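Chains as they are written, first to last, in the working numbering: chain C, 4 to 107; chain A, 68 to 712; chain Y, 196 to 371.
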């Protein structure tokens with residue numbers, strides 16, 4: 004109980020990922036979906052850093068990987084928001100339920 | 068030298084008119100005179116070559132036993148070296164029969180082409196007409212010299228096509244178009260039988276070359292049973308039934324008279340319609356082996372001869388009477404072949420070509436003079452204004468009626484004698500009665516058209532030389548063509564025969580009977596139609612035999628029967644099939660469509676277009692893969708999912 | 196491996212904060228509040244990284260996520276949303292299906308975790324005290340190509356975002 008092991012971090016990561024997944028699947032607002040994707044990416048980061056500490060503490064592979072994840076996530080937020088703004092300008096909404104043009 | 072060349076290059080005979088056809092179609096169509104000269108000239112040269120080749124054949128008795136054959140491989144299907152592989156040759160087979168036929172066709176064609184120069188004057192399709200005629204000449208000559216039944220079949224279909232094109236030459240006339248269609252469709256029915264027969268021959272004997280086939284069929288027991296051979300013979304005979312206008316497929320031939328008269332003379336009297344007789348003659352080795360098929364040929368021929376002659380008694384249109392007479396004479400030829408006398412059949416074909424072509428051309432001359440008024444009852448006394456046409460027609464009439472020494476007498480006598488010699492007394496009686504009827508209806512027409520009182524509304528004029536010269540030449544043929552085969556000096560039988568040449572004793576009884584029948588037929592016609600100017604007897608006779616007269620006038624209602632048959636059976640089954648098509652075929656097609664559509668409608672539920680739906684299902688898939696990999700191990704999972712091991 | 200009581204308390208506290216704030220992110224009906232809780236999640240995560248001996252990642256987390264990303268999202272919301280921010284962050288119709296799938300994920304995650312031999316994986320070594328030096332050296336030596344590609348990616352994302360978000364009508368009006 005008093006030992007914080009790799010399992011604790013992995014469980015935390017899994018829970019956070021699930022919360023993010025739930026949000027991605029169920030939120031109407033496109034920005035909210037974007038936010039929840041960030042949550043999922045962060046869950047991955049927890050995993051990476053925890054593995055880095057517990058399994059390969061001297062290689063820093065996980066940490067460097069998570070740096071790249073953060074980089075890509077930042078880029079993703081930027082482009083994603085730009086897309087949402089572009090769509091909003093055309094449709095005057097960010098409600099994903101209205102974005103069903105894929106079926107046409 | 069020339070003879071040698073002509074014999075070895077007999078393929079030039081059909082090739083020249085074929086080239087003329089191509090030249091006229093592609094180059095000289097706008098120049099009418101030139102087109103006519105090319106057509107007549109090429110046919111004349113072909114006729115010269117054919118004459119030399121025929122001379123070569125008829126001076127060497129070797130060719131009656133072993134025909135002169137030279138062929139090229141046309142196509143070869145199957146493996147090399149395998150005996151069953153299909154090999155088709157095209158080639159030339161010259162023997163007395165084909166040489167005679169080649170000469171006859173090219174000779175008559177030349178004069179009918181010449182006649183057409185005058186007859187078709189002023190027609191908008193002048194060049195096209197000569198192109199068609201040349202194509203016909205080429206096809207017919209190809210048919211005649213074929214060494215191979217498949218090649219013959221190709222030519223057979225080509226002459227059918229030309230016949231169709233030329234019957235329907237006056238495309239503005241609905242009746243001509245209908246007649247062309249009728250001819251084409253009727254012949255197609257028959258050709259299907261012929262095609263089946265040829266296929267059966269090829270399958271059974273592995274060849275269609277006439278010489279090989281003759282040898283193989285002679286020993287047919289090695290290949291097949293008599294039943295199969297009978298079937299083949301009957302199937303092959305169906306083709307000639309259609310092409311040569313035998314009952315019950317004769318219906319197209321009288322209607323074919325809608326075409327221009329030279330066409331009627333050339334195609335539907337002298338050459339194409341005898342192609343059927345010629346085919347039976349060529350495949351005599353097949354029919355000779357099958358007694359029942361021979362009887363079928365003989366009975367069909369005799370019945371057709373009598374049947375058509377009775378119809379001809381009552382017809383009113385000049386060309387129609389001649390058409391039924393052609394059907395009747397073709398029946399004679401079939402009868403001769405059916406009783407096993409190739410000599411008599413070919414002889415009658417030879418003489419008939421001259422006198423029937425002559426009569427058609429003379430009829431064409433009459434029609435031109437009377438502006439295409441065709442009813443014989445509206446003509447009369449034309450011989451005073453058109454002496455050449457009239458007297459040549461009379462010569463033709465004497466020839467067909469069978470008055471010695473005209474050509475028809477000798478050939479008809481030959482047939483009657485052959486029938487009697489084979490012991491077919493019923494067929495003999497039918498043929499003899501037909502001879503009487505022939506003399507009667509022919510002379511009925513001649514008396515009505517050329518003798519008696521002139522009709523004031525007609526202003527006939529003699530035709531130009533291009534039309535009368537062929538008449539005179541053919542009239543010479545109609546007189547003299549039969550002198551090759553008189554009972555006292557029968558050079559014909561020494562050259563053209565099947566099996567062994569036979570010289571029966573001279574049958575004076577049959578000869579006398581034939582003369583008496585012909586004479587009485589002519590006399591009866593004379594009393595009824597010339598002496599009795601008011602034609603009271605003829606009218607009275609028609610009234611007495613009212614129903615019979617009407618039945619004959621309506622050609623035994625055969626056309627109506629076919630129409631009804633067509634209506635009831637073809638339309639009926641068509642309706643049935645229409646329903647089948649409507650409900651089963653369309654139902655199947657629509658069912659597939661409906662299935663696709665409804666399954667699409669069903670699957671559409673999943674195609675929401677909403678991102679998060681897709682994400683949901685996508686992640687479900689991810690989860691499924693994860694479960695699969697976890698619980699079955701990576702290698703088993705890769706079996707299911709694919710990918711690199 | 197024994198852990199100090201502070202570390203245990205810190206882990207549970209941070210974990211509770213992260214999960215609680217993340218849950219609030221998802222369930223808040225006002226998008227601005229969601230972003231606020233997102234920032235809390237990110238900062239708590241930075242704390243978690245510190246407890247994992249990843250001080251550089253923690254700094255980056257605070258700078259990039261809590262700083263840049265949150266500010267960017269707020270700016271995006273400002274551009275997009277109406278003035279009344281209530282009811283701006285609702286659930287859609289597939290909430291039950293989403294919840295089911297999430298529950299399934301958690302359940303299978305637990306099953307997978309139960310099947311994994313965590314203890315065998317753990318290495319004996321401890322993380323060096325100074326991580327920044329090592330990361331910096333690695334980024335410019337072993338990982339230099341991914342590093343440069345990441346730089347390129349950011350450039351492309353920058354240009355792409357500008358092109359996408361640029362309002363051509365506004366641009367045209369500005370030209371006039």
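Using N, Cα and C, we set each Cβ at its ideal position, and we do this for glycine too. Being a predicted model, the structure only gives us computed values, none of them experimental.
When rounded, the separation of the alpha-carbon atoms in residue 483 (chain A) and residue 598 (chain A) is 31 Å. Residue-level contact check: residue 694 (chain A) touches chain Y, since one or more beta carbons of chain Y fall below 8 Å from its beta carbon. Classified as buried, residue 181 (chain A) has 16 or more neighbouring CB atoms from the shown chains inside 10 Å of its CB. Excluding the 5 residues flanking it on each side, residue 502 (chain A) has same chain C-beta neighbours closer than 7 Å at 469, 479, 581, 584 and 585, in chain order. Judged by DSSP secondary structure, residue 141 (chain A) falls within the beta strand (DSSP E) whose first and last residues are 135–144. Counting only residues of its own chain and dropping the five nearest sequence neighbours on each side, residue 112 (chain A) has a CB closer than 8 Å to the CB of 83. Among the CB atoms of chain A, one or more fall inside 8 Å of the CB of residue 100 (chain C). Between the region 191–211 of chain A and the region 80–99 of chain A, the count of C-beta pairs closer than 8 Å reaches three or more; the two stretches touch. The three-state secondary structure of residue 552 (chain A), taken from DSSP, is strand. Looking at the backbone, the Cα of residue 229 (chain A) and that of residue 266 (chain A) are separated by about 24 Å.
Where residue 47 (chain C) is concerned, the enclosing alpha helix (DSSP H) starts and stops at 33–57. DSSP links residue 154 (chain A) through a beta bridge to A:143. For residue 40 (chain C), the nearest beta carbon of chain Y is not closer than 8 Å to its own beta carbon. Residues of chain A with a Cβ closer than 7 Å to the Cβ of residue 289 (chain Y) are, in chain order, 679, 680 and 683.
With its beta carbon less than 8 Å from one in chain C, residue 686 (chain A) belongs to the interface. Scanning C:58, C:44 and C:80 for the CA closest to the CA of residue 314 (chain Y) turns up C:58. Residue 207 (chain Y) sits away from residue 237 (chain Y), with the two beta carbons spaced by 8 Å or more. Here residue 429 (chain A) is near residue 459 (chain A), since their CB atoms are less than 8 Å apart.
The way I'd put it, the region 397–414 of chain A does touch the region 362–381 of chain A; three or more beta-carbon pairs between them come closer than 8 Å.
Residue pairing by DSSP places residue 213 (chain A) opposite A:159 in a beta bridge. Nearest to residue 289 (chain Y) by alpha-carbon distance, out of C:61, C:43, C:42 and C:24, is C:24. Look at residue 19 (chain C): its C-beta is not under 8 Å from any C-beta on chain A. A distance of 8 Å or more separates the beta carbons of residue 562 (chain A) and residue 274 (chain A). Within its own chain, the residues whose Cβ lies closer than 8 Å to the Cβ of residue 102 (chain C), once the five positions on either side in sequence are excluded, are 33, 90 and 94, listed in chain order.
At a cut-off of 8 Å between C-beta atoms, residue 348 (chain Y) counts as an interface residue with respect to chain C.
Here residue 161 (chain A) is near residue 134 (chain A), since their CB atoms are less than 8 Å apart.
With a threshold of 8 Å between beta carbons, residue 238 (chain A) makes no contact with chain C.
Between residue 80 (chain C) and residue 37 (chain C) a beta carbon distance of about 6 Å is seen, short of the 8 Å cut, so the two are scored as contacting.
In this structure, residue 395 (chain A) sits away from residue 185 (chain A), with a CB-CB distance that is not shorter than 8 Å. Per the C-alpha coordinates, the member of C:70, C:42 and C:40 positioned closest to residue 52 (chain C) is C:70. Taking C-beta separations shorter than 8 Å and ignoring five residues to either side along the sequence, the partners of residue 87 (chain C) in its chain run 33, 34, 37 and 97, following chain order. In terms of Cβ geometry, residue 538 (chain A) and residue 418 (chain A) do not form a close pair [threshold 8 Å]. Taking the Cα of residue 311 (chain Y) as reference, the smallest distance to any Cα among A:697, A:702 and A:701 is reached at A:697. If you draw a straight line from the Cα of residue 264 (chain A) to the Cα of residue 289 (chain A), it is about 19 Å long. In this structure the region 385–399 of chain A touches the region 501–516 of chain A; the number of beta carbon pairs closer than 8 Å is three or more. Nearest Cα to residue 296 (chain Y) within the set A:702, A:695, A:684 and A:389: A:684.
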